[in-house]
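There are 2 protein chains.
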Amino acid sequence: MTIACTNCPLRKFDIFDEMTQDELDFMQTFKVGELVVEPGAPLLMEGSNSPQLYTVLSGLGLRYKLTPDGDRQVINFVFPGDFLGLQAGVMSEMGHSVEATTRMTLCVFDRTHFWQVYTEMPRRAYDLTWLAAVEEHFLGESMVALGRRDATASVAWALVRVAQRMEALNLVTGGAMAFPYRQQDLADALGLSLVHTNKTLARLRERQLATWSEGTLTVHDMIGLAEVGQVDIESPPVRPLM
Amino acid sequence: MTIACTNCPLRKFDIFDEMTQDELDFMQTFKVGELVVEPGAPLLMEGSNSPQLYTVLSGLGLRYKLTPDGDRQVINFVFPGDFLGLQAGVMSEMGHSVEATTRMTLCVFDRTHFWQVYTEMPRRAYDLTWLAAVEEHFLGESMVALGRRDATASVAWALVRVAQRMEALNLVTGGAMAFPYRQQDLADALGLSLVHTNKTLARLRERQLATWSEGTLTVHDMIGLAEVGQVDIESPPVRPLM
DNA sequence: CGAGTATTTGATGCAGTTCAACGCTCGTGG
DNA sequence: CCACGAGCGTTGAACTGCATCAAATACTCG
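Residue numbers (the working numbering), protein chains in the order written: chain A, 3 to 244; chain B, 3 to 244.
The structure is reproduced here in C-alpha cells:
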C-alpha cells in the first residue's frame, strides 16, 4: 500500500507550494507506486531515456556527469522533494546521471502520461517549468562558485546552501544535520581535489565556522560561514512538489 | 511595421522546431513589438522582474552574474533564437543579467500574458519547459568545463560549442564566423584569467586548430579541436522558437 | 585478521594568477 | 591634423593556490 498524495509527508513543509485537492487528485492518477533503493543504486543514467520520473520522498542522492577520461562532476546534491527525470521527460535524454547516496524512497510517475499534465492541468505544467527554471538558477550560482571563488569560499558556499535546504526540510537540530556524503563528493561538486577539500574543511573547522565529520554537518556560525562563502542568508524559495 | 511571426526570418533554420499556423497565430497575439538595442545595452538585470520577455532575432549578447567583489561569471553567450527572461516569467526574478554585445533585434512579448500560454496552448507551454531543460542541460556541461577541464580543453570546448551553434544558424562560411566578443568575455565564461585565456588561444592557434582575431573566429580543424575539448561533434538539438 | 574504503597530513610541482609593460586602433577635442 | 587617452590584445616574469604524490591512521566488514 502506497502513500496517497493527500497524505504525502512532504506537504507539511513550508518550502513546498500548497496544492488544491484537484491537483492532489490529478497527481494521484499519475502515481505508479513507490520505489525504495539502497545506497549506491543508480536511478537515472546520462543519455538514457527513463520511462519513469521520480519525486524524492526521503533520502539523499547525487546528480553527476562523467567525463570521457573518468573524472566526475557532481552537478548537485539531491534532497527530499526534488523531482528527478525532467530532462528525460521533456527532451528525451538525461544530461546527467542520478544515484542514491543513502537509502531513498521515491514516488514513481509514468513518463508516458507526462504530456497530459500540459493538456489537463496547466497549473502543474507551469510548475514543471518552474522547477526547470529554479534548477537553471541554481546551476548559474554553482558556476560562480566553480569559476570565480577560491576553495575556501566555494566550500563555505556549498555548506551554507546545504544547511539552508536541510533547514527548510526541518532536518536541522541545533545547527547539526545528517550529511552522509563523502568528501570526494563535495570535491567533485566544487571542482577541487579531495586533498584540498579536506584541508579546506579543516580550516573552516579551526575557524569555528562548521564541522563535518562522521556524516554529520554542524554549522557553528552561519553568519560567518555565509560571509566567507559570499552567500545571502535567506531560506530557499518556496517550490512546487510533484 | 514589425515582422509577422509567419515571416519570422529564423523559422527557416533546421535547428528550430516547425510551428503550426495555429501556433504562429497564437504567438502573434503575444508579440508586443520589436526592440533594437545598441552594443552594451542591458536587457535584463539579475534580481529584477522584467515585464518583458524576448526572443533574439539577430545579434549577440551575454548572460552573466556579478559577485559582491566585482568579479563576473559569464553564464553563456546569447545567440539568435534564444529566449530571454524565462526565469523572470516563471519565478519572478532573474538569476542573471543579460546584455547586448552587438546591436541586437529582439522580438518583445508581454509577460502578463505568460500564464495564458499554459491555459491556451499546451504545446507552447511544453516548449517553455523544454527551453528551460535545455538550458539546464547546457549549464551542466559548462560545469564540467569549469570544474574538470584544464584551460586548453576548456577553451577548445567553448569554441566548438560556439561554432556548432553558429553553423546551425548558417553563420559560418568556410570555417569562419563573426565572433565579436572580447577575450575577457571568454575568460569570464570559463573562470580563467584574461592573460591565461590569451595564451591558451595563442597555443590553439599555433597548433592550427582555431584562430580568433579581430572579431572573427576560424576553426581550422574541427576534429582536432573537438578532441582537445572532449566534445562530441554533433549539431545542437532542434529547439523550439518562441 | 586482512582487505577495502574514507579521512588526514606532509612534501613537491605546476597550471594558472597576478603584476607590469608595450603596441595597436580608434574616437575626441584642441 | 595631430595629440591624447581609452579599450583591447599581447607578452614576459614572478608568485601561489591547488593538484599530485605518498603514506599513515582509522573503520567496517567478511
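For glycine and all other residues, C-beta sits at the position ideal for the given N, C-alpha and C.
It should be emphasised that the depicted structure is a prediction, and the values quoted were computed from it without experimental measurement.
- A direct Cα-Cα distance of roughly 18 Å separates tyrosine 120/A from glutamine 23/A.
- In the DSSP assignment, phenylalanine 116/B is bridged to no other residue.
- With respect to the C-alpha of valine 58/A, the residue from Ala212/A, Phe111/A, Ala228/A and Ser237/A having the closest C-alpha is Phe111/A.
- Rounded to whole angstroms, the gap between the alpha carbons of histidine 139/B and glycine 97/A is 5 Å.
- Taking CB atoms only, threonine 4/A has no neighbour in chain B less than 8 Å away.
- With a threshold of 16 other beta carbon atoms within 10 Å, threonine 199/A meets it and is buried.
- For the pair cysteine 7/B and valine 221/A, the Cα-to-Cα distance works out to about 54 Å.
- Separation of asparagine 78/A and alanine 191/A (C-alpha to C-alpha, rounded to the nearest whole angstrom) is 7 Å.
- At a cut-off of 3 residues, the continuous stretches assigned as beta strand (DSSP E) that sit fully inside the stretch 130-210 of chain B are 178-180.
- Its Cα nearest to that of alanine 170/B, the residue Lys14/B stands out among Trp214/B, Lys14/B and Cys10/B.
- Going by DSSP, valine 80/A is part of the beta strand (DSSP E) stretching over 74-80.
- One finds Thr131 in chain B with Cβ atoms closer than 7 Å to the Cβ of leucine 130/A, taken in chain order.
- In terms of Cα proximity to leucine 64/B, the closest of Ser50/B, Met244/B, Asp84/B and Pro70/B is Asp84/B.
- Tyrosine 183/A has a beta carbon lying at 8 Å or more from every beta carbon in chain B.
- For the 8 Å CB-CB criterion, valine 162/A and leucine 219/A do not form a contact.
- Annotation: valine 92/B is outside any beta strand (DSSP E); the continuous alpha helix (DSSP H) that includes it extends over 88-92.
- Counting along the chain, the unbroken alpha helix (DSSP H) around valine 230/B starts and ends at 224-230.
- Cα atoms of leucine 37/A and methionine 179/A: separation of roughly 25 Å, rounded to the nearest angstrom.
- Just so you know, the alpha carbons of phenylalanine 32/A and histidine 115/A end up roughly 7 Å apart.
- In this structure, valine 157/A and leucine 196/A do not form a Cβ contact; the two beta carbons are roughly 12 Å apart against a cut-off of 8 Å.
- Where threonine 104/A is concerned, there is no enclosing beta strand (DSSP E), because DSSP gives it neither an H nor an E.
- Taking the beta carbon of histidine 98/A as reference, the chain B residues within 7 Å of it are Gly142, listed in sequence order.
- When only Cα atoms are considered, aspartate 19/B and valine 230/A end up about 45 Å apart.
- For a Cβ distance threshold of 7 Å, residue set Leu88, Gln89, Val92, Met93 and Ala134 of chain A lies close to alanine 135/B, ordered along the chain.
- Closest option to alanine 147/A, judged by alpha-carbon separation, among Gln75/B, Tyr66/B, Leu130/B and Gly61/B: Gln75/B.
- Looking from the CA of proline 70/B, the closest CA among Met29/A, Leu206/A, Asn172/A and Glu143/A belongs to Glu143/A.
- For glycine 149/B, a Cβ of chain A is located within less than 8 Å of the residue's own Cβ.
- Contact between arginine 241/A and isoleucine 17/A holds, with the beta-carbon distance rounding to 6 Å and staying under 8 Å.
- One alpha carbon belongs to proline 41/B, the other to valine 233/B, and they sit about 31 Å apart.
- Between proline 44/B and glutamate 137/B, the alpha-carbon positions lie close to 21 Å from each other.
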